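Mind the numbering: the first sequence is residues 775 to 1589 in this note's numbering, read in order. Beta carbons are placed, not taken as given, at the ideal position from N, Cα and C, and that holds for glycine. Remember, it's a predicted structure, so these values are computed and weren't measured experimentally.
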Amino acid sequence: MKYNSKKIEEKWSRKWFESDVYYAKDFDEREKRYVLVEFPYPSGSGLHIGHAFSFTGGDVYARFMRMSGFNVLFPMGWDAFGLPTENYAIKMKRKPQEITKENTEMFKAQMKNLGFSFDWTREINTTDPRYYKWTQWIFLKLFEKGLAYKDEKPINWCPSCKIGLANEEVIDGNCERCGEGTTRRNLSQWIVKITDYADRLVEGLEDTEFVEKVKAAQINWIDRKEWIDITYDIKGVNERVVVATTRPDTNFGATFVVLAPEHDLVQKILGGKIKVGEDIEKIRGYVKESLKKSELDRQKDVLGRKKTGVFTGLYALNPLTKEKMPIWIADFVLSTVGTGAVVGVPAHDVRDFEFAQQFGLSIKRVVEDDKGNRGEVGSIENVFVGEGVAMNSDFLDGLKTKEAIEKIMNYLEEKGWGTRSIRYHLRDWIFSRQHYWGEPIPMISCEKCGWVPVPEEELPVALPEVENYEPTDTGESPLAKIEDWVNIDCPKCKGKAKRETDTMPNWAGSDWYFIRYIDPENDKALADKGKMKYWLPVDVYLGGDEHNTLHLLYSRFIYQFLYDLGEVPTQEPYFKRISHGVILGSDSQRMSKSRGNVVVPEDITNKLGSDVARTYLMFMGPFDSTIAWNEKSLMGVKRFAQRVYRFVTENIDEFSTKDSELVEQKINEVVGDVTKSIENFRFNTPVARLMETLNLFESVKGGEISKETIKNFLKLLAPYMPFLTEELWSILGEEFSIHTKPWPEYKKQILKTESIEIPVQVNGKMRGKISVRPEITEEQLKKKIFADESMKKHVVGDVKKLIYVKGKIVNIVCN
RNA sequence: GCCGAGAUGGUGGAAUUGGCAGACACGCAGGACUUAAAAUCCUGUGCCCGCUAAGGGCGUGCGAGUUCGAUUCUCGCUCUCGGCACCA
């Protein structure tokens, strides 16, 4: 019979989704497993190969767990708010709602074609008002608990998208979405205080089984450090400057102070509040120039970049050395880091050294380096930033860096010159976007009462119908133009008030979506608490490397916050996180339209079928590595599928009731290997094992294989090739569906064989094999080896030692 | 610069308590079938010497070390990829 993938796949796809084979049952007696894959943004271009890769991995695992007897929740939904849809809507003059509907329908059809075993009764969509009602509810709770506040902040502004971006959305100074350079701009923004949870977000990782690189990425991003803020008096004026440092042990080597151009003192100088001797116009010119620079320009060529700056004419007084330190303004100091002012220790900081050299400031070594150098620091190679031993530092001399830091911190605090503080690389989260296609932030600004939350019972604040979605150049959301929506009575005082017109960032809807799958129709709560207790936490979360920091951090934060409110049952949302690699184009470059190397799943499913596409994606290489697409290798999997089909259909009447020893041993071994591999998310090797098994089947007669073994073989293959195996299962006359049948069991006891082959090494080199009974003793083995001419000739000189690892290997040591 | 991962045939990759390196697949070469091509099937395929043999030598990025034995463990390098970064 000929293998017709198209016919088979259409037939079973329909049948599966008409039945309940993939339904997850709330409160079922079986042990639960919540398998989550990142839900996609339904773009107009359809399912991407990366989606197919990720979802196939999840599907193989979910199917395996289901057959292993677990009650598996494997849901899917749509993260549908976002700029591409909005931009497309503007271009086509259509409603984003309609476009989203079309796109999700297309995605869903493609997913069904690929045979993913999602439970579609739990489908969610972040743009559905019944969903975003709860996204808005979470925001109200954040506001209520003081974790959301409004503030004027310099934000990254993309002039092309006309949108404010979080630091995380700016890649190398460019907009993450459109790639254009960003600038900075002050806007009043809603900010969420994620930093309040910084320590918890680090500590919570201990309770998870995330892979090491994900944990490291999260901890790195949060990056907690202990700082001390030191206050210096300024000579001759009644002002102070506060610098922040993590290396106060080097403070005896401080020779200057640098302010960020945005610093308050700079404003005071320019405003004439502080009189300086220097040419104020020169200072003004420098500050103006640097504020104009975008983040891109300021970060360009970071290493070895020529430092710029201007002297203020002021001096800070170092209480430790009693020396005066010139105060400079330079754009290498960032206003958003520390206090926006740093103390220059050129001998022990590369940037400070560059700056000192540029402007002829003095350089003083105060740490002996790890090679014992105590001399002058004359070149950049000698700048020592590591930990060493303090010198030229009065009472710190001779102390190791860590001890010196502790001692000086205590000293500065006692003297009232410094204050310790904990700071993070993680910043508070800018939560406002000036766009239409997002969740409206449910807040009302009242002339009298200030910011008033929309009452819970009035949620959702639905997106109004608009004529024009175009963002404005003023930075206002397009919603601001809809007056009858914006103007509203204050819920508190009934006076005149206006709605917030900003919408939420993309992350908002995806922070908590896994909760909603548990109870998608609930209109009283995020989800029913009993159901949450049954299903949470997510047992395995599969997704791309690109979401290992931000999405994961944001959603863990929101979940921890919900835990504090008593809304969710566990401290952490995800138990395991498995991240997969990227599929590159056949040219080993990232797939992109401009490179013309994009492969979409449909290309393959149309030509070769979904079973082949799925299996090939898994067979390509390890799930977590980055692999280039290779069109040719696909054919190997196609051949395999055909051979499986042909072998089973052609031998259907031949299969016996008992395996030959060889077949029995092989299938048992493969059951063990495949099970272990899938459990550990190594999805590539089971395919190879199953190919080996088929090779063996083909080399023996059908009569040497039992029907039971064929059935087990199909079960092992079922997670990879759900359609083909279902078809063959039915051809074998078995009852629907293979995907609900129990996974084959691995028999532990080793099969007793007449003889085994033992490799023989001489001085560690393989010289041959010898066939022996398994229970042979070392003595007998030795005799047998030396009776064998072909072995004996390799043994030269005296035999010093013979090592026999029972049943595995022999090594003869001689000289 | 910091953090993380990695380096195995022509290619993707196997090999986890240290024990037969190269499973499986692609590609390539030869053959069968065919008027022919495609498809399919069979055989061979790490490199070098050797007669297309027998046989031997070399071989998991480089250099040392531990061990009877190292792709695997230790130390020191080189390079590649991913993330972060004028973070003071």
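Going by DSSP in three states, residue i sits in which element: helix, strand or coil?
i       : result
Met1465 : helix
Arg1547 : coil
Phe984  : strand
Leu1173 : coil
Val1386 : helix
Trp1403 : coil
Lys919  : coil
Val809  : strand
Met1603 : Since the first and last residues shown for the chain are 775 and 1589, residue 1603 lies out of range.
Gly1581 : coil
Arg1125 : helix
Lys1272 : strand
Met1278 : coil
Tyr777  : coil
Tyr1315 : strand
Ser819  : coil
Trp1517 : coil
Leu847  : strand
Asp1038 : helix
Ile1137 : coil
Met1565 : helix
Asp1143 : coil
Ser1430 : strand
Is it right to say residue i is buried, meaning 16 or more other beta carbons lie within 10 angstroms of its own, or is it exposed?
i       : result
Lys1567 : exposed
Thr1113 : buried
Met850  : buried
Lys1268 : exposed
Gly831  : buried
Ser1368 : exposed
Gln884  : buried
Glu1501 : buried
Val1312 : buried
Met1565 : buried
Met1540 : exposed
Asp973  : exposed
Lys919  : exposed
His1199 : exposed
Pro1279 : buried
Met841  : buried
Leu1436 : exposed
Val788  : In the sequence as displayed, the identity of residue 788 is Arg instead of Val. That one is exposed.
Asp1387 : A small correction: the amino acid at residue 1387 is Ala; Asp does not occupy that position in the sequence shown. Result: buried.
List the endpoints of the continuous alpha helix (DSSP H) containing residue i.
i       : result
Ser1284 : 1281-1284
Trp1309 : 1303-1309
Gln1439 : 1435-1453
Lys1522 : Counting along the chain, Lys1522 falls outside any alpha helix (DSSP H), and DSSP gives it neither H nor E.
Asn1483 : The question names Asn, but residue 1483 in the sequence shown is Thr. Unbroken alpha helix (DSSP H) run through Thr1483: 1481-1491.
Val1422 : 1408-1424
Leu1555 : 1552-1561
Ile1289 : 1287-1290
For the putative contact between residue i and residue j, defined by C-beta atoms under 8 Å, what is the C-beta separation to the nearest angstrom?
i       : j       : result
Cys1588 : Asp1572 : 6 Å
Phe1085 : Glu1055 : Incorrect: roughly 14 Å between the Cβ atoms, too far for contact.
Ala1393 : Gly889  : Here the sequence assigns Phe to residue 1393, which means Ala is not the residue at that position. No, Phe1393 and Gly889 are not in contact; Cβ-Cβ is about 16 Å, not under 8 Å.
Val795  : Thr1514 : 6 Å
Pro1265 : Val1228 : 7 Å
Leu720  : Leu1506 : Residue coverage of the chain in this structure runs from 775 to 1589, which leaves residue 720 outside it and unanswerable.
Span of the beta strand (DSSP E) holding residue i?
i       : result
Leu1498 : Careful: Leu1498 lies outside any beta strand (DSSP E), inside the alpha helix (DSSP H) at 1496-1505.
Glu1531 : 1530-1536
Quiz item: Which ranges does the beta strand (DSSP E) cover as unbroken runs of at least 3 residues, wholly within the region 849-916, from first to last along the chain?
Solution: Taking only runs of at least 3 residues, no beta strand (DSSP E) segment lies wholly in the region 849-916.
Practice problem: Counting only runs of 3+ residues fully inside the region 1040-1123, write out the beta strand (DSSP E) ranges in chain order. | Solution: Correct list: 1084-1092, 1097-1103, 1115-1118.
Quiz item: At which residue ranges does the region 1333-1376 contain complete beta strand (DSSP E) runs of 3 or more residues, listed in the order of the chain?
Solution: Complete beta strand (DSSP E) runs here, min 3: 1348-1354.
Self-check item: Whole beta strand (DSSP E) elements within the region 1221-1269, 3-residue minimum
Solution: 1224-1227, 1261-1263, all fully within the region 1221-1269.
Practice problem: Just list the alpha helix (DSSP H) runs in the region 1146-1225, keeping only unbroken ones of 4 residues or longer that don't cross its boundaries, in chain order. | Solution: 1175-1189
Exercise. Pick out the complete beta strand (DSSP E) segments inside the region 961-1036, 3 residues or longer, and give them in chain order.
Key: Entirely contained in the region 961-1036, the beta strand (DSSP E) runs reaching 3 residues are, in chain order, 998-1008, 1014-1019, 1030-1033.
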